[in-house]
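Asker: So for the sequence shown, the numbering used here puts the first residue at 1311; every next one is plus one.
Structure below; questions to follow.
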Amino acid sequence: MTHPIALLLRISRFYRDGFRQMTWGRTLWIIILVKLFVMFAILRLFFFKPALEGLSEEEKTEVVGTSLTTPSGRL
């Protein structure tokens, strides 16, 4: 059985060497990272507002409790 650190080093070298030899892979990874940034950062800022913003702690507790105990999940 190999040592866990040696195994991690072999895995990291495998991926490092693989990324060095990529041609289209780098472009695809850049596209994926930009897409993830847009999905999680930009869309969240403009379209998804925090549901509990502006509520006191008691109101937040009540809203969460109601949403968890309502069968349909609706308020």
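The beta carbon of each residue, even a glycine, is placed where N, CA and C say it ideally should be.
For clarity, every value in this text was computed on a predicted model and none was experimentally measured.
Specify the secondary structure class of A1351 as computed by DSSP and reduced to three states.
Answerer: Taking the sequence shown and counting its residues from 1, the one referred to as residue 1351 is at position 41. For A1351, the secondary structure class from DSSP, reduced to helix, strand or coil, is helix.
Asker: Does the distance from the C-beta atom of K1370 to that of L1378 stay below 7 Å?
Answerer: Taking the first residue of the sequence shown as position 1, residue 1370 is located at position 60. Taking the first residue of the sequence shown as position 1, residue 1378 is located at position 68. For K1370 and L1378, no; Cβs fall outside 7 Å.
Asker: Please state whether DSSP places G1383 in a helix, a strand or coil.
Answerer: Counted from its first residue, the sequence shown places residue 1383 at position 73. Model confidence at G1383 stands at a pLDDT of 47, short of 50, so the residue's coordinates are unreliable and nothing is read from them.
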